[in-house]
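K.L.:
This is the structure I want to talk about, given as structure tokens.
Protein chains: 4
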Amino acid sequence: MECGDPVEQVTIRPGMSVNELVCELARAGAYNGGALARAADIYERMLTDKKTVKFFGLAGAMVPAGMGGIVSDLLTRGYIDLLVSTGANLTHDIIEALGCRHYHGSAFCSDIELRQEEINRIYDVFLPNEAFATFESFIQESLSTLDPGHSYPISELLTLLGKRLDHGILATAAATGIPVYCPAVADSMIGLQCWLYSQSGKISVDAFSDMRGLIDRCFTAEKAGALLVGGGVPKNFILQSMLMTPQGFTYAVQLTGDRPDLGGLSGATLDEARSWGKITGDAQAVTVYGDATITLPVLVAAVLERMER
Amino acid sequence: MECGDPVEQVTIRPGMSVNELVCELARAGAYNGGALARAADIYERMLTDKKTVKFFGLAGAMVPAGMGGIVSDLLTRGYIDLLVSTGANLTHDIIEALGCRHYHGSAFCSDIELRQEEINRIYDVFLPNEAFATFESFIQESLSTLDPGHSYPISELLTLLGKRLDHGILATAAATGIPVYCPAVADSMIGLQCWLYSQSGKISVDAFSDMRGLIDRCFTAEKAGALLVGGGVPKNFILQSMLMTPQGFTYAVQLTGDRPDLGGLSGATLDEARSWGKITGDAQAVTVYGDATITLPVLVAAVLERMER
Amino acid sequence: MECGDPVEQVTIRPGMSVNELVCELARAGAYNGGALARAADIYERMLTDKKTVKFFGLAGAMVPAGMGGIVSDLLTRGYIDLLVSTGANLTHDIIEALGCRHYHGSAFCSDIELRQEEINRIYDVFLPNEAFATFESFIQESLSTLDPGHSYPISELLTLLGKRLDHGILATAAATGIPVYCPAVADSMIGLQCWLYSQSGKISVDAFSDMRGLIDRCFTAEKAGALLVGGGVPKNFILQSMLMTPQGFTYAVQLTGDRPDLGGLSGATLDEARSWGKITGDAQAVTVYGDATITLPVLVAAVLERMER
Amino acid sequence: MECGDPVEQVTIRPGMSVNELVCELARAGAYNGGALARAADIYERMLTDKKTVKFFGLAGAMVPAGMGGIVSDLLTRGYIDLLVSTGANLTHDIIEALGCRHYHGSAFCSDIELRQEEINRIYDVFLPNEAFATFESFIQESLSTLDPGHSYPISELLTLLGKRLDHGILATAAATGIPVYCPAVADSMIGLQCWLYSQSGKISVDAFSDMRGLIDRCFTAEKAGALLVGGGVPKNFILQSMLMTPQGFTYAVQLTGDRPDLGGLSGATLDEARSWGKITGDAQAVTVYGDATITLPVLVAAVLERMER
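Chains as they are written, first to last, in this note's numbering: chain E, 14 to 322; chain Y, 14 to 322; chain Z, 14 to 322; chain S, 14 to 322.
So, in structure tokens, the structure goes:
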């Protein structure tokens, strides 16, 4: 048991850059501030290690909160090789790409009144119902271009949708050729619309056909790294993908608001993942507990500053 | 703004039954203790309302924590009409049904040593790796009985597995004819094994083919109620299933350890669900924040006591 | 690294007693349900160990939530030797003892309207302002019986107040001769009223004069045990009291809703307390994370059942 | 119910300043990221409003985590008029000012080994025991300069200590004449040492004598504002101080990791404080949930950047 560096009291300099602030947090080094600073170090190493395949897991209602722009930007810059998302984030990404908007609202209001005014609430974000009409037309129209009778992998459907959009996560992924995986797509508005379309018998969607491409990518990767925003299916799916290979992740950063003592995977420490071999015994890994609408922008701003200098 | 009943100071009587304790919490009526007491009232009404189709959502690592027995029991007693689960809970249910065990462990230990000893950790629960060998043989053998070339809905696969087991959630559901939905099955060991088997080209699994049965059930239900343990895919999938119908849930109880201010669906209040029409404007609904390894047993013990008297 | 007992799936028997349920949680043994079962074992041992001085720490707004009755009951049964409380809990205890009531309310309402109607809110509990008028008269009248010019220890003031009441925590403590410590009394309505009274120069209250009695008690104790409800000043004050003695606590149970990774003492694990010597290296200690309006009644009901059989 | 501004997707620009990032969070406007941006707006208004008396509440183990430097800096810049702190933060401030250091450590280690090596742990911060020997000598020597037989207010003791130090919170407060209140000083190492000294009968410390100065300041303030880091005694004491005056706080920002549904004041919303009249009905107030080792540096960096431009 040894003491490390001394804790330095944080100094704020007006006008300091985000990375300068994160470096101050590194010198303080405690609690989640310290963890965030370590996350920046690990994420920087992961992005600069040419041998590393870079996974990004996107859970939580991040797109309605304006965090989708960060994901698109990371895709454009080449900092994501495989994206795994919840269906909800992709649904809201399409909604934004179609020109519909989410709005600043309030978490403390009458949901019954909101229902009457046809406004859907996501904590303190409001989304008028009409966005879904636009969304549904888009999906149905897009699916109608598919070959009847074929079975499609989910990622291929998502690429198809992305190609018909001009900004946002799916659009950028399609334009840059980055695969987007969404293993629980049935659990989303995209899934509901695909199912409705498939009812007329024209297409089918295989639950597992994305696995081969994913596992192949894992097998050929010299090293793998993951930035996990939230838990849920994206975190588990990314971590489990390496279980089929002889090695685990070498770099892993997790931003979550959950807590470990409830036993669920979303709040589980990355150390726990070592016992399963999901990450390697000597992987560089850190969990930052907190709201990703704060930790993700700070992390990415700090690391981009380092990458571009 | 009106004051309700006065808060009564809780009285503990040695030997009191769980329901007697919950009735004391009802008289106190505050914070999550009060919410748990309201949950018992709502769940009792939901179970006694003959017109209500009863959903159960199972997320979080509940089976490794010994909570699977409660789910099996509710299935046996006819208190669940449709079960939606994460793939992980069903994986661990199969492991237990095959005679492998989870063990009391510790959350504070060396995960690197655990890895060397081939023990997987789920917070303070240990699961030796050998369980997965038994599990894999069982899945591969079970799948080999399927008709080659067919496409299977996920729920049908799960029924098939359940029929080959003699206790646990899947076994009980299969024996009682209750459908088990697992929309994110690809995100689990069951999914990995199904995919491995499907690689030899013999079967395929459609991501959406369970939707028809589910939506039909929602359409024909006079009323619907849900007990949601944890958030994740099960919560969202259950709530979204009613979006295709003219009405929402009439009863809803949610047990979660997450928090609403992070914006994610897992911690979202059920009031938020009213704005979407997922639950009706006048639905009886309550969220109990806390660890479901405490709140679920207390809730079920209280309500079973009421049902059986 | 060794596996302990196997996790047993929980069985609910309608009509089972609270202790029977807690014994089921012990056999499951995982997460906070398992921790609660261990807490019952430790608390039972602590209460039955005749050599142990029993501390009780009371933080969080527990009296407005109806949990004060449990504390009074433990005092009556002789299961508390020293009580350390926040000033707020004692303020609300006096309010209830004077016949004023807290009421069931709602956490989602207009606080501006509540203000206009002179109702104070504590999450979902409402307290009409008029209670404070009754409270203030009582305090001023009580203090007027004191000897002018004297300096009083806080605990002596609280005993004086308790003697003038006929039920509740302070009344029971005064009747049974159990000292109540409230080191942060200035941070409460009791403190504000004492200060107002002291302004006319008649009495003074020494911040430290309770320390001697407390430390003496710690020194003479063969062993010490603590049940800590919430964190705050009561937890720290109880733990620090043993720092002046050669030994630490032998038994410790903590019920808290906070989390450890924020670094604050309220959420800190009891293991951390071992490094300080606040609890002994081999102390039996456990933290149960969750709302004490659930965990405290379950814990006490289980242990009283064991004590009375 | 109305929609506000549209949510703008966040854009990260490498090298952007902290305030530029916070302005992006304002445009996104959701969850705790949005709350943090509103906190910056409110805190900026509070600091620039010349009629406002500025309170600062300091709870949680902030000094061991390197956050004390931010408080000292705010004192130097004149942005704090009254500081209310836990005793623990002031104890650790003195330790640092005496040249002893806190060290980077680990939250996952053997606390029994730490005890043997005489290292105290605060989550992932290590503090060697020898620091307390230095601390105790300093306190005893400082107190020996006091006039025997006198009764001292707590704030006066703290000023005395601060005058004998050359950096840190107490030193800066003493040098700039800012009063530091610590109503629960008995619940800290400072309190234990004061009590030990007082045992020889030479001084006494009055629990309430700081109240007059504080209440007078509240009465003469045209407006009042508060930045509350953590909950605990500092939050309650600051909010209650205004209860004696006809008005409440006009500005309030709270940074906390606690949650409201447990009922405790530490996690309570500032809206709840409106019902009590602690803050005015139209006060500008916001709570940011999260670890203050992240939210405090970001908030202060953003606001200082605005103040200095």
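Just so it is clear, CB atoms sit at the ideal spot from N, CA and C, and this is done for glycine as well.
Because the structure is a prediction, the values reported are computed rather than measured.
(1) Please list, in chain order, the chain S residues whose beta carbon lies closer than 7 Å to that of Z/S150.
(2) The beta strand (DSSP E) with Z/Q267 in it runs from where to where?
(3) Could you pull the start and end residues of the beta strand (DSSP E) that E/I216 belongs to?
(4) With three or more beta-carbon pairs closer than 8 Å as the criterion, would you say the segment 224 to 231 of chain E touches the segment 228 to 235 of chain Y?
(5) In three-state terms, what does DSSP make of S/H117?
(6) Using a C-beta to C-beta distance shorter than 9 Å, which residues of chain Z count as neighbours of E/N45?
(7) Scan the segment 291 to 308 of chain Z for residues whose Cβ lies nearer than 7 Å to a Cβ of chain E and list them as they occur along the chain.
(8) Quick check on the burial criterion: 16 or more other C-beta atoms within 10 angstroms. Buried or exposed for S/E143?
(9) Quick check on Y/I191: does DSSP put it in helix, strand or coil?
(10) Applying a beta-carbon distance threshold of less than 7 Å, which residues of chain S neighbour Z/S288?
(11) Could you name the residues of the same chain whose beta carbon sits closer than 6 Å to that of S/G81, not counting the 5 residues immediately before and after it, in chain order?
(12) Using a threshold of 7 Å, state whether the C-beta atoms of S/L96 and S/V23 are closer than that.
(13) Given a cut-off of 7 Å on the beta-carbon distance, is the pair Y/L241 and Y/Q212 in contact?
(14) Going by C-alpha to C-alpha distance, which of S/S85, S/T306 and S/V301 sits closest to Y/L275?
(15) In terms of DSSP beta bridges, what is Z/A237 paired with?
(16) Whole-angstrom Cβ separation of Z/F221 and S/V218, contact assumed at under 8 Å?
(17) Would Z/A305 and Z/A265 qualify as a contact pair, given that the criterion is a beta-carbon distance under 7 Å?
(18) If we count Cβ pairs, one from each stretch, closer than 8 Å, do we get three or more for the segment 126 to 141 of chain E versus the segment 73 to 91 of chain E?
(19) According to the neighbour-count rule (16 or more other Cβ atoms, all chains shown, within 10 Å of its Cβ), is Z/H117 buried or exposed?
(20) Using a Cβ-Cβ cut-off of 6 Å (strictly less than) and excluding sequence neighbours within five positions of Y/K236, which residues of its own chain qualify?
(21) Go through its chain and collect everything with a Cβ distance to Y/E149's Cβ below 7 Å, but skip five positions before and after it.
(22) In whole angstroms, what is the alpha-carbon distance linking Y/T61 and Y/A315?
(23) Is Y/Q153 buried or exposed, if buried means 16 or more other CB atoms sit within 10 Å of its CB?
(24) Name the chain Z residues that come within less than 8 Å of E/C121, Cβ to Cβ?
(25) Apart from the five residues just before and just after Z/S201, which ones in its own chain have a Cβ nearer than 6 Å to its Cβ?
(26) Could you tell me whether any Cβ in chain Z is nearer than 7 Å to the Cβ of Y/V31?
(27) Would you identify the three-state DSSP class for Y/R177, choosing helix, strand or coil?
(28) Look up Y/P259 in the DSSP assignment and say whether it is helix, strand or coil.
(29) Could you tell me whether the segment 269 to 286 of chain S touches the segment 269 to 286 of chain Z, using the rule of 3 or more Cβ pairs below 8 Å?
(30) If the cut is a Cβ gap below 7 Å, which residues of chain Z does S/S284 touch?
(31) Any C-beta of chain E sitting closer than 7 Å to the C-beta of Y/N249?
(32) Got a sec, what are the start and stop residues for the beta strand (DSSP E) Y/R322 sits in?
(33) At a Cβ threshold of 7 Å, is S/G73 touching chain Z?
(34) Buried or exposed: which applies to Z/G261, given that a residue is buried once 16 or more other Cβ atoms fall within 10 Å of its Cβ?
(35) With 7 Å as the threshold, decide whether the Cβ of E/F221 is near any Cβ in chain Y.
(36) Could you check the C-alpha separation between Z/T189 and S/A184 for me, to the nearest Å?
P.N.:
In short:
(1) By Cβ distance, chain S contributes nothing, its closest Cβ being about 17 Å from Z/S150, past 7 Å.
(2) F262 to T269
(3) I216 to D219
(4) no
(5) strand
(6) D274, L275 and G276, listed in chain order.
(7) Y302
(8) Exposure of S/E143 is indicated by the presence of fewer than 16 other C-beta atoms within 10 angstroms of its C-beta.
(9) coil
(10) D124, L127, R128, I132, N133 and R134
(11) Excluding residues up to 5 positions away in sequence, D106 and I182 lie with their Cβ nearer than 6 Å to the Cβ of S/G81 in the same chain.
(12) no
(13) no
(14) Looking only at S/S85, S/T306 and S/V301, the smallest Cα-Cα distance to Y/L275 is reached by S/V301.
(15) Z/V66
(16) 6 Å
(17) no
(18) Judged by Cβ distances under 8 Å, the segment 126 to 141 of chain E makes contact with the segment 73 to 91 of chain E, as three or more pairs qualify.
(19) buried
(20) K64, T65 and T263
(21) Q206
(22) 14 Å
(23) exposed
(24) Correcting the residue identity first, residue 121 of chain E is Phe in this sequence and not Cys. Those within 8 Å of E/F121 in chain Z are F121.
(25) G100, A101 and T104
(26) yes
(27) coil
(28) coil
(29) yes
(30) At residue 284 of chain S the sequence reads Asp, which differs from the Ser that was named. Correct list: D124.
(31) With its beta carbon less than 7 Å from one in chain E, Y/N249 belongs to the interface.
(32) Counting along the chain, Y/R322 falls outside any beta strand (DSSP E), and DSSP gives it neither H nor E.
(33) yes
(34) buried
(35) Taking Cβ atoms only, chain Y reaches closer than 7 Å to E/F221, which makes this a yes.
(36) 46 Å
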